[in-house]
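Data first, discussion second: the structure below is written as structure tokens.
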Ligand SMILES: *Cc1c(COP(=O)(O)O)cnc(C)c1O
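Residue numbers (the numbering used here): 141 to 492.
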């Protein structure tokens with residue numbers, strides 16, 4: 141079926157893309173989805189299209205540095221707000237305090253797959269007349285009060301990078317919105333600023349989601365809820381097995397949230413030692429992220445002086461344990477057992 145539709149389809153802006161955009165919008169309960177070339181592109185195009193160039197955008201200092209880069213690429217000014225030290229999510233009281241006369245938007249990144257408190261975020265944006273933009277790149281399949289994330293803001297951006305919960309076989313991204321003006325603008329913006337075949341209305345990149353990727357994603361979307369449920373089951377195994385381990389902080393799940401567990405991130409002062417010893421046992425871990433965004437050489441110069449000690453603390457203590465919907469229970473149990481063993485032994489020096 142896939143083969144028949146793809147080969148008969150236009151590889152660019154074809155029927156497969158239209159169908160996937162409709163399915164993606166329906167899944168999230170929004171009016172429109174616009175497929176673009178990557179999550180980063182989704183961010184840059186959306187911020188520009190919302191008129192945020194030259195304006196301040198609030199986002200969390202503990203984040204994927206690409207988010208901050210995208211805000212800068214859109215010509216907007218990132219205002220980095222420190223995270224809640226317990227959850228790692230943006231501290232919305234600090235966000236409220238950081239609002240100034242040029243602040244126009246809150247970019248809420250559902251980091252690791254856990255939703256930002258969308259009740260509080262929506263309230264803050266309503267009271268302060270800010271646009272609410274969700275970054276759902278890590279949170280495909282997450283819900284807030286039973287409703288899919290990505291449906292709460294003026295717009296939501298997503299990435300189909302192969303590593304994400306809903307991954308393509310290459311780069312891809314999308315914007316979700318129920319604002320028809322924004323959707324219309326983005327369809328022009330992603331296609332060199334053209335409205336038809338010959339009509340260049342303005343400047344714009346070439347950043348469309350290919351029909352091939354869309355056809356594959358259309359099939360994968362049907363499995364998303366099942367895969368995310370499996371991730372949550374496996375995360376429960378970690379949470380239960382590691383709950384009393386001294387010196388280890390586990391992900392905190394808000395009772396209103398369904399965590400998509402894109403990443404299972406723990407924190408420990410013995411991070412570097414734990415990572416090394418797990419590697420010796422053949423267990424591959426990763427770091428999300430080892431360098432705070434404001435310390436990235438390519439971003440620092442654009443940001444001016446940023447004080448974000450909490451973000452730096454996260455950067456030196458976070459460790460991502462293996463987790464995918466394809467893991468077996470016993471594999472996760474074995475990783476948890478090894479983590480416990482290593483942390484029960486006396487430390488061999490601490491992380492910086
Ligand atoms: C992956 C990611 C992006 C960027 O997505 P790409 O498709 O790789 O450009 C943006 N925001 C967050 C939070 C991400 O994790």
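C-beta atoms are modelled at their ideal positions from N, C-alpha and C, and glycine is treated no differently.
Could you tell me whether the stretch 402 to 413 touches the stretch 256 to 269, using the rule of 3 or more Cβ pairs below 8 Å?
Output reads no: the stretch 256 to 269 does not touch the stretch 402 to 413.
My output table needs one value for residue 314: the three-state DSSP class, helix, strand or coil.
Residue 314 sits at position 174 when you count from the first residue of the chain shown. Per DSSP, reduced to three states, the secondary structure at residue 314 is strand.
Can you give the beta carbon distance from residue 304 to residue 177, rounded, assuming they're within the 8 Å contact cut?
For the purposes of this step, residue 304 is taken as the residue at position 164 of the chain shown. For the purposes of this step, residue 177 is taken as the residue at position 37 of the chain shown. Contact between residue 304 and residue 177 does not hold, since the beta-carbon distance rounds to 15 Å and is not under 8 Å.
With the cut-off set at 8 Å, would you say residue 446 and residue 428 are in Cβ contact?
Taking the chain shown and counting its residues from 1, one reaches residue 446 at position 306. Taking the chain shown and counting its residues from 1, one reaches residue 428 at position 288. Cβ distance not < 8 Å, so residue 446 and residue 428 don't count as in contact.
Using a Cβ-Cβ cut-off of 7 Å (strictly less than) and excluding sequence neighbours within five positions of residue 228, which residues of its own chain qualify?
Along the chain shown, read from residue 1 onward, the residue named residue 228 stands at position 88. The beta carbon of residue 228 is closer than 7 Å to those of 202, 251 and 454 in its chain, skipping five residues each way along the sequence.
If you follow the alpha helix (DSSP H) that residue 480 is in, where does it begin and where does it stop?
Position 340 of the chain shown, counted from the first residue, corresponds to residue 480. Unbroken alpha helix (DSSP H) run through residue 480: 469 to 484.
Rounding to the nearest angstrom, what Cα-Cα distance links residue 481 and residue 415 in this structure?
By 1-based counting over the chain shown, the position of residue 481 is 341. By 1-based counting over the chain shown, the position of residue 415 is 275. When rounded, the distance between both Cα atoms is 13 Å.
Residues near residue 306 in its chain [Cβ-Cβ closer than 7 Å; skip 5 each side]
Counting from 1 along the chain shown, the entry for residue 306 is found at position 166. Same-chain partners within the cutoff: 280, 300, 357, 360, 361 and 364.
Please identify the residue among 485, 247 and 151 whose C-alpha is closest to the C-alpha of residue 386.
Numbered from its first residue, the chain shown carries residue 386 at position 246. Among 485, 247 and 151, the Cα nearest to that of residue 386 is on 485.
Just to confirm the assignment, what range does the beta strand (DSSP E) spanning residue 275 have?
Taking the chain shown and counting its residues from 1, the one referred to as residue 275 is at position 135. For residue 275, the enclosing beta strand (DSSP E) stretches over residues 271 to 275.
Under 6 Å from any heavy atom of ligand 3, by CB: list those residues in chain order, please.
Here the bound small molecules are ligand 1; ligand 3 is not part of this structure.
Along the alpha helix (DSSP H) that carries residue 334, what are the first and last residues, could you check?
Counting from 1 along the chain shown, the entry for residue 334 is found at position 194. Element bounds for residue 334: n/a, residue is neither H nor E.
Is the beta carbon of residue 249 sitting closer than 8 Å to the one on residue 234?
Along the chain shown, one-based indexing puts residue 249 at 109. Along the chain shown, one-based indexing puts residue 234 at 94. Not a contact, by the Cβ cut-off of 8 Å.
Closest by CA to residue 173, which one among 167, 161, 399 and 390?
Looking up residue 173 in the chain shown gives position 33. Between residue 173 and the set 167, 161, 399 and 390, the nearest pair of CA atoms involves 161.
Option in 209, 198, 240 and 205 with minimal Cα separation from residue 230:
The residue given as residue 230 occupies position 90 in the chain shown. When each option's Cα is compared against that of residue 230, the closest is 198.
Within the chosen definition, does the stretch 153 to 170 reach the stretch 180 to 191 through at least 3 CB pairs nearer than 8 Å?
Verdict: no, contact absent.
Report the rounded CA-to-CA distance for residue 436 versus residue 205, giving the unit in angstroms.
On the chain shown, position 296 is the one that residue 436 refers to. On the chain shown, position 65 is the one that residue 205 refers to. Roughly 8 Å between the two C-alpha positions.
Grab the span of the alpha helix (DSSP H) containing residue 320 for me, first residue to last.
As a working mapping, residue 320 is identified with position 180 in the chain shown. Where residue 320 is concerned, the enclosing alpha helix (DSSP H) stretches over 320 to 329.
What are the start and end residues of the alpha helix (DSSP H) that includes residue 241?
Position 101 of the chain shown holds residue 241. Run containing residue 241: none; DSSP gives neither H nor E here.
For the pair the stretch 334 to 343 and the stretch 312 to 319, tell me if three or more CB-CB distances fall below 8 Å.
In this structure the stretch 334 to 343 does not touch the stretch 312 to 319; the number of beta carbon pairs closer than 8 Å is below three.
Residue 479 versus residue 451: straight-line alpha-carbon distance, rounded:
Reading the chain shown from its first residue, position 339 is the one you call residue 479. Reading the chain shown from its first residue, position 311 is the one you call residue 451. Whole-angstrom Cα-Cα distance: 24 Å.
If you reduce the DSSP assignment to three classes, tell me which class residue 150 lands in.
Indexing the chain shown from 1 puts residue 150 at position 10. Secondary structure at residue 150: coil, using DSSP grouped into helix, strand and coil.
Residue(s) in a DSSP beta bridge with residue 289:
Residue mapping note: residue 289 aligns to position 149 of the chain shown, counting from 1. None, per the DSSP bridge assignment.
Could you tell me which residues DSSP puts in a beta bridge with residue 342?
Position 202 of the chain shown, counted from the first residue, corresponds to residue 342. Per DSSP, residue 342 has no beta-bridge partner at all.
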